[in-house]
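Add 11 to the 1-based position in the sequence shown for this note's numbering, that's all there is to it. We put the beta carbon where it would ideally sit given N, CA and C, even for glycine. It should be emphasised that the depicted structure is a prediction, and the values quoted were computed from it without experimental measurement. Everything below concerns the one structure shown next.
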Amino acid sequence: MSVQQAEQNSYLQGLLSGQPKPATGKQAWLNALRGVAVETVGKLTIPTTRDEEWRFTDLSMLTKVSLQAAQTTAKLSAKDIQRFHIKEAKNRLVFVDGIFSPALSNTDNNLIILNNLSSLLEKQSALLQTHLAQQANIEGNVFAALNTAQLRDAALVLLPRNTQSKAPLHLLFIATQKEVVSYPRTLVLADNGCEATVIEDYVSLQDEAYFTNAVTEFVLADNARINHVRVQREGGKAFHIANCAATLSRGSNYQSVSIALGARISRYNQNIKLAEGAECSADGLAIISARQLADTHTCIDHAQPHATSRQLHKCIVGGGAHAVFNGKIMVRHGSHHTDSQQSNHTLLLSDKAHVDTKPQLEIFNDDVKCTHGATIGQLDQDEVFYLQSRGVTHEFARNLLTYAFGAEIIERIPVASLKHSLKQTVLEQTSTHL
Numbered sequence: 012m013s014v015q016q017a018e019q020n021s022y023l024q025g026l027l028s029g030q031p032k033p034a035t036g037k038q039a040w041l042n043a044l045r046g047v048a049v050e051t052v053g054k055l056t057i058p059t060t061r062d063e064e065w066r067f068t069d070l071s072m073l074t075k076v077s078l079q080a081a082q083t084t085a086k087l088s089a090k091d092i093q094r095f096h097i098k099e100a101k102n103r104l105v106f107v108d109g110i111f112s113p114a115l116s117n118t119d120n121n122l123i124i125l126n127n128l129s130s131l132l133e134k135q136s137a138l139l140q141t142h143l144a145q146q147a148n149i150e151g152n153v154f155a156a157l158n159t160a161q162l163r164d165a166a167l168v169l170l171p172r173n174t175q176s177k178a179p180l181h182l183l184f185i186a187t188q189k190e191v192v193s194y195p196r197t198l199v200l201a202d203n204g205c206e207a208t209v210i211e212d213y214v215s216l217q218d219e220a221y222f223t224n225a226v227t228e229f230v231l232a233d234n235a236r237i238n239h240v241r242v243q244r245e246g247g248k249a250f251h252i253a254n255c256a257a258t259l260s261r262g263s264n265y266q267s268v269s270i271a272l273g274a275r276i277s278r279y280n281q282n283i284k285l286a287e288g289a290e291c292s293a294d295g296l297a298i299i300s301a302r303q304l305a306d307t308h309t310c311i312d313h314a315q316p317h318a319t320s321r322q323l324h325k326c327i328v329g330g331g332a333h334a335v336f337n338g339k340i341m342v343r344h345g346s347h348h349t350d351s352q353q354s355n356h357t358l359l360l361s362d363k364a365h366v367d368t369k370p371q372l373e374i375f376n377d378d379v380k381c382t383h384g385a386t387i388g389q390l391d392q393d394e395v396f397y398l399q400s401r402g403v404t405h406e407f408a409r410n411l412l413t414y415a416f417g418a419e420i421i422e423r424i425p426v427a428s429l430k431h432s433l434k435q436t437v438l439e440q441t442s443t444h445l
């Protein structure tokens with residue numbers, strides 16, 4: 012074994028430390044799930060830039076940080092997290108450093124089941140065994156495998172048949188400790204004909220280095236409709252790696268908006284699988300500066316015919332930051348009448364800012380309508396001059412145009428107060444990126 016391999020093994024074993032206690036009785040299946048994940052981790056290593064899927068994202072900084080799983084959590088009050096509350100959300104699950112906090116959570120909706128994994132293991136054992144860790148593939152994915160190996164607390168959203176939740180459901184993950192690794196886990200099960208908005212929100216109360224390793228799974232039954240809003244606003248020295256898998260059944264609709272603002276290095280893997288007649292959109296916005304790196308990898312899999320997908324991903328890159336977008340649209344054999352569109356647009360605000368973009372189409376079927384494209388550019392100086400001619404300063408004109416570029420994605424969020432607060436954040440961040 013080489014020195015590098017030994018270091019890798021030692022690092023991964025450190026991330027596996029502090030594993031949950033074995034489950035008993037009806038919960039014993041969870042032990043087997045974790046066991047398979049531990050074995051998978053043992054076969055894998057932390058990806059490097061020599062791996063094709065990671066060639067633009069260097070994780071060597073992460074492996075140099077001493078990390079341990081949180082054993083205790085900070086004692087927070089409702090006042091401490093008041094600024095993260097979303098006015099429209101009457102139901103909220105709060106996790107502090109990956110550990111569920113019932114005192115900070117609020118669940119008062121009788122129409123849905125919203126709770127932590129341990130509270131539902133007995134009553135919903137058969138349902139959870141069928142779906143938990145069955146959508147996000149751990150093979151070849153060391154971070155998804157690590158998350159599953161450490162599976163203890165998890166946000167569960169169970170939407171019964173024909174349920175319509177008018178108020179959004181807020182899943183809030185708070186980082187409070189330095190040099191800690193947390194493993195947020197989310198499972199959303201949407202039964203036939205139900206409709207809801209789920210907000211997945213990652214925030215921090217400190218600015219030191221830590222690691223968030225998240226996995227989220229969505230299962231949409233026939234004709235279900237889910238709006239998924241994901242906001243990543245971690246601390247400036249944080250590492251954030253997340254995997255999201257959504258499985259869509261016949262006639263279902265999944266609308267996703269992902270916003271990446273924080274973390275020193277972030278990576279978001281999103282995989283969506285569409286059955287016949289399903290529809291999805293996967294929109295994203297990354298706003299980064301200084302030495303940040305934001306990497307987005309998506310795969311929209313048209314597994315059956317008559318499905319529709321739309322994707323618009325935008326990047327605003329300032330300072331010496333680096334954005335990565337790799338978006339794949341796959342149309343499988345037999346998936347005729349597929350309708351898919353993909354676009355990636357990047358705005359570079361400095362000479363040192365850069366982006367690597369790779370939109371992809373893999374089509375194994377005739378009779379489809381698929382398009383993709385990417386643009387990279389700087390602010391249009393004619394537009395800047397036009398605004399200056401109307402009496403605004405050069406700096407304000409640049410800020411306004413930069414804000415407008417990103418606001419198109421923000422506008423797609425179906426929650427008014429969150430949309431407003433993110434607009435303010437984007438306006439503030441675009442002002443500091445110049």
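Check: Three-pair Cβ contact test at 8 Å for the stretch 327-343 versus the stretch 428-436; Outcome: no
Check: Proximity to Ser346 [Cα-Cα], best of Glu287, Glu245, Ala43, Cys291; Outcome: Glu287
Check: Beta strand (DSSP E) runs contained entirely in the stretch 273-322, provided each spans 3 or more residues; Outcome: 276-285, 290-299, 304-313
Check: Backbone secondary structure at Lys98 - three-state DSSP; Outcome: coil
Check: Cβ neighbours of Thr56 in the same chain (closer than 6 Å, five flanking residues each side left out); Outcome: Gln19
Check: Any 3 or more C-beta pairs closer than 8 Å across the stretch 145-154 and the stretch 177-190; Outcome: no
Check: Any alpha helix (DSSP H) of 4 or more consecutive residues that is wholly inside the stretch 28-85; Outcome: 39-54, 71-74
Check: Cβ-based neighbour list, Ile149, same chain, cut-off 7 Å, excluding 5 preceding and 5 following; Outcome: Ala48, Thr51, Ala155, Ala156, Thr159
Check: Beta-bridge pairing of Gln243 - partner residues as DSSP gives them; Outcome: Tyr213, Ala271
Check: Among Arg244, Ser263, Asn238, nearest to Leu231 - alpha-carbon criterion; Outcome: Ser263
Check: Segment limits, alpha helix (DSSP H) that includes Ile92; Outcome: Element bounds for Ile92: n/a, residue is neither H nor E.
Check: Residues that DSSP places opposite Val328 in a beta bridge; Outcome: Ile299, Leu359
Check: Ala156, DSSP secondary structure in three states; Outcome: helix
Check: Coarse secondary structure for Gly338, derived from DSSP in three states; Outcome: strand
Check: Cα-Cα separation, His444 to Arg275; Outcome: Low per-residue confidence applies at His444: pLDDT is 49, beneath 50, and the placement is therefore not dependable, though the value from the model is reported in the following sentence. C-alpha separation (whole angstroms): 15 Å.
Check: Cβ pair count under 8 Å reaching 3, the stretch 266-283 against the stretch 412-429; Outcome: yes
Check: Rounded C-alpha distance that separates Val366 from Arg321; Outcome: 22 Å
Check: Pair within 8 Å by beta-carbon distance, Leu438 and Arg409; Outcome: no
Check: Residues of its chain near Tyr279, where Cβ-Cβ distance is below 6 Å and the 5 sequence neighbours each way are ignored; Outcome: Ala253, Thr307
Check: Span of the beta strand (DSSP E), counted from its first residue to its last, around Arg196; Outcome: 196-201
Check: According to DSSP, residues forming a beta bridge with Gln371; Outcome: Lys339
Check: Inter-residue Cα distance where the pair is Thr258 and Glu290; Outcome: 11 Å
Check: 8 Å Cβ cutoff met for Ile311 and Ser354; Outcome: no
Check: Rounded distance between the beta-carbons of Val242 and Gln79, thought under 8 Å; Outcome: Actually they are not in contact, since the Cβ atoms of Gln79 and Val242 sit about 26 Å apart, beyond 8 Å.
Check: Distance between beta carbons of Thr413 and Ile327, contact taken as under 8 Å; Outcome: 6 Å
Check: Residue from Gly331, Gln38, Lys363, Ser400 whose Cα sits closest to the Cα of Gln135; Outcome: Gln38
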